[in-house]
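> First the structure, then my questions, so here it is.
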């Protein structure tokens, strides 16, 4: 691989990491989120932890998933208080 190609690949990786980091800041622990599973089901759950590259989500069916932040949608922020 020539040096120009290596620099382009490094730059693309850097851009991808910056995008993931920016998306990661959109979520906080205990946020309610939704995403589509690989088999097409729509799942919802609670953010457990923000990892280096993924977000750990505990789904309503009792499973835990590590999901890329770009695949998540915010359903309800942890800061939103629900009053009876």
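Numbering (the numbering used here), first residue to last: 111 to 194. By construction, the Cβ of each residue, glycine as well, lies at the ideal position given by its N, Cα and C atoms.
(1) Does the stretch 137-150 touch the stretch 112-119, meaning 3 or more C-beta pairs lie closer than 8 Å?
(2) Please classify residue 164: does DSSP put it in a helix, a strand, or coil?
(3) On the CB-based measure, 16 or more other CB atoms within 10 Å of its CB, does residue 124 come out buried or exposed?
(4) With 16 as the cutoff for other CB atoms within 10 Å, does residue 155 come out buried or exposed?
(5) Have a look at 138, 159, 171, 174 and flag the residue whose alpha-carbon is nearest the alpha-carbon of residue 186.
(6) Rounded to whole angstroms, what's the CA-CA distance from residue 167 to residue 180? Just pull it up for me.
If we stick to the structure as given:
(1) no
(2) coil
(3) Exposed, since its Cβ has fewer than 16 Cβ neighbours within 10 Å.
(4) Its Cβ being crowded by 16 or more others within 10 Å, residue 155 is buried.
(5) 138
(6) 14 Å
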